[in-house]
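Numbering (the working numbering), first residue to last: 1 to 258.
The beta-carbon is built from N, C-alpha and C at its ideal position, and this holds for glycine as well.
As structure tokens, the structure follows; a few thoughts come after it.
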Amino acid sequence: MGATVGMVARKQEKGEDARSEIIKESQNNSVDLLVADLSSLESIRKLATDFQKKYSKLHVLVNNAGLFNQRRKVTTDGYENTFATNYLAPFLLTNLQLPTLEASAPSRIINVSSVGHYNGHVNFDDLNLEKEYGGWKAYGQSKLALVLFTHELAKKLQGTGVTVNAVHPGTVATNISTRPLGPAGFIMALPKLFMASPKQGAETIVYLASSDDARDLNGEYLEKLKVKKSSDESYDEQVAQRLWDISAKLTHLSWPLQ
């Protein structure tokens, strides 16, 4: 692709190690590191600002923030950590980067979800899962929210030259939340309980990021290079709009972007 890759890591040292490994494996020296805590709204806003100061273009944004918490944790903003990192972070960062994406059109957004979204349900009465928490319950809700966001954003982006799609990367064996991974954009690790190689897991992501065949795909959910039907709840337009409105309030975001 000949692109400059901007990767995100939570810690500078580990990010530099991953950056060096990527350069070694890819023979592409145009790999830059940005440091951010994706569970923090303030850090995400700083990430977007830092990116826009350094770059004038963004052609591909890959949202792959993925963590799994067996026990409930709360972010500094007061939100359940899985929901905040896996969903609110992509929601906020994507919206903050939309002006750059639109100015760079044609451009593509890729939201890395999971087959776990099929078992997910958005509990509007308890988004923070304060009443009843389970690791898979939180994970499923966050990944379903990401697919709902994909469908809703695709509608809002019609005619802009920016597309957005969701993908299940396969069952990828990586360290959880410890190292950036993948071809471009905003990349975090998936739980180690997933067992395909990172290369296999990245295949559909790379396809969506670079293939001419994927140029016109918008608002779709893909697995193993093919468009698949996502969960029934993911197509509920009322749920998607309600989730969008709540997410905008939680992240202090206005639409259209000012």
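Separation of residue j from residue i, as counted between CA atoms
i	j	result
residue 18	residue 31	10 Å
residue 160	residue 202	26 Å
residue 6	residue 254	26 Å
residue 249	residue 218	26 Å
residue 25	residue 126	44 Å
residue 204	residue 239	27 Å
residue 237	residue 245	12 Å
residue 243	residue 147	11 Å
residue 61	residue 155	18 Å
residue 112	residue 163	14 Å
residue 149	residue 48	19 Å
residue 28	residue 22	8 Å
residue 207	residue 36	26 Å
residue 58	residue 128	32 Å
residue 67	residue 212	31 Å
residue 79	residue 233	23 Å
residue 180	residue 197	Here residue 180 scores only 38 on pLDDT, less than 50, and its place in the model should not be relied on; the value that follows carries that caveat. Roughly 15 Å separates the two Cα atoms.
residue 105	residue 53	19 Å
residue 140	residue 225	22 Å
residue 199	residue 144	24 Å
Residues near residue i by beta carbon distance below 6 Å, same chain, minus five either side
i	result
residue 223	168
residue 4	30
residue 136	none
residue 77	41
Cβ separation of residue i and residue j, assumed to be a contact under 8 Å, to the nearest whole Å
i	j	result
residue 75	residue 81	5 Å
residue 142	residue 87	5 Å
residue 230	residue 117	7 Å
residue 94	residue 64	Contact doesn't hold; Cβ gap of about 12 Å is too wide.
residue 133	residue 215	Not really, about 41 Å apart at Cβ, beyond 8 Å.
residue 228	residue 235	At roughly 13 Å, the Cβ-Cβ gap does not stay under 8 Å, so residue 228 and residue 235 are not in contact.
residue 130	residue 241	Contact doesn't hold; Cβ gap of about 24 Å is too wide.
residue 83	residue 138	7 Å
Residue i, buried or exposed, once every other Cβ within 10 Å from all chains shown has been counted against 16
i	result
residue 85	buried
residue 108	buried
residue 252	exposed
residue 8	buried
residue 55	exposed
residue 170	buried
residue 166	buried
residue 103	exposed
residue 182	Because the pLDDT at residue 182 is just 38, under 50, the model does not fix this residue reliably, and the value given afterwards should be weighed accordingly. Buried: at least 16 other Cβ atoms inside 10 Å.
residue 114	buried
Cβ-based neighbour list, residue i, same chain, cut-off 8 Å, excluding 5 preceding and 5 following
i	result
residue 158	218
residue 90	63, 65, 111, 146, 149 and 186
Same chain, Cβ closer than 7 Å to residue i, neighbours up to 5 away in sequence not counted
i	result
residue 33	7, 9, 15, 16 and 19
residue 92	41, 44, 251 and 253
Neighbour flag for residue i against chain C, beta carbons, 8 Å
i	result
residue 127	No chain C appears in the structure shown, which is made up of a single protein chain.
Handout entry: Any 3 or more C-beta pairs closer than 8 Å across the segment 86-101 and the segment 9-28
Key = The way I'd put it, the segment 86-101 doesn't touch the segment 9-28; fewer than three beta-carbon pairs between them come closer than 8 Å.
Exercise for the section: Give a yes or no on contact between the segment 36-55 and the segment 118-136, applying the rule of three or more CB pairs nearer than 8 Å. Expected result: Result no; under three Cβ-Cβ pairs closer than 8 Å.
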